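*Asks:* Numbering (our numbering), first residue to last: 11 to 208. Attaching a single structure in structure tokens format; questions to follow.
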């Protein structure tokens, strides 16, 4: 069987399209955060958007290195096409990441394994592991943003201005940086490694 007749071929193409779209959706969410004055939230989302773009690049490379000419790949697949306000967008992104790591990529890894593409199966599993972390980050950001606690904590922590480096240990960040006068939206975010209770 030729590579372009396998499920793995189509799954790589679907993954490239899906990750490319996720990267763009997250850039749009970051733009919304910036418009609302949340510069460091926008930066955190941009990092995730960049991750998605890198995933797309890896899937594209796997498609390309098989030596087949790729002019057009017709895909019959659904892709997330939703938006909302900033809080809703963070929740939707978390849901999308959950779908990728719990349903889509495990199925694609199994197809690749069944068809003898162990290296591609491993790639799907590696990306899936990253998407687990992405879901955790988006869920944390959604909950903290929705509850208005992006810049506060139950116990004192170090808050740092992302613009001038001013530091202050407290349970809550300043409204306006006393040094450079940037708004609270420029305070570096504390994104926990594991989801903590907010």
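Even for Gly, the Cβ is constructed at its ideal location relative to N, Cα and C. The structure displayed is predicted, hence computed values, not measured ones.
(1) Work out the CA separation of residue 154 and residue 205 for me, nearest whole Å.
(2) Could you check how far apart the C-beta atoms of residue 18 and residue 125 are, in whole angstroms? I think they sit under 8 Å.
(3) So residue 201 and residue 54 are supposed to be a Cβ contact under 8 Å. How far apart are they, rounded?
(4) Along the alpha helix (DSSP H) that carries residue 22, what are the first and last residues, could you check?
(5) I'd like to check one pair, residue 198 with residue 180: are the Cβ atoms closer than 7 Å?
(6) Measure how close the beta-carbons of residue 145 and residue 107 come, nearest whole angstrom, since I'm counting them as under 8 Å.
(7) Please confirm if the stretch 109-127 is in contact with the stretch 11-26, defined as three or more CB-CB distances below 8 Å between the two stretches.
(8) Could you tell me which uninterrupted beta strand (DSSP E) segments, each at least 3 residues in length, are contained entirely in the stretch 97-180, listed from first to last along the chain?
(9) Spatial neighbours of residue 195 within its chain, please: CB distance less than 6 Å, with the 5 preceding and 5 following residues excluded, ordered by chain position.
(10) Can you tell me whether residue 186 is buried or exposed? The criterion is at least 16 other CB atoms within 10 Å of its CB, across all chains shown.
(11) Closer than 6 Å by C-beta to residue 142: which residues in its own chain qualify, once you throw out the five before and the five after it? Chain order, please.
(12) When we look at the beta-carbon of residue 33 and count the other beta-carbons within 10 Å, is it buried (16 or more) or exposed?
*Replies:* The relevant details are as follows:
(1) At residue 205 the pLDDT is 47, less than 50, meaning the model places this residue with poor confidence and gives no usable figure here.
(2) 5 Å
(3) 6 Å
(4) 17-45
(5) no
(6) 4 Å
(7) yes
(8) 162-170
(9) 47, 48, 49
(10) exposed
(11) 111
(12) buried
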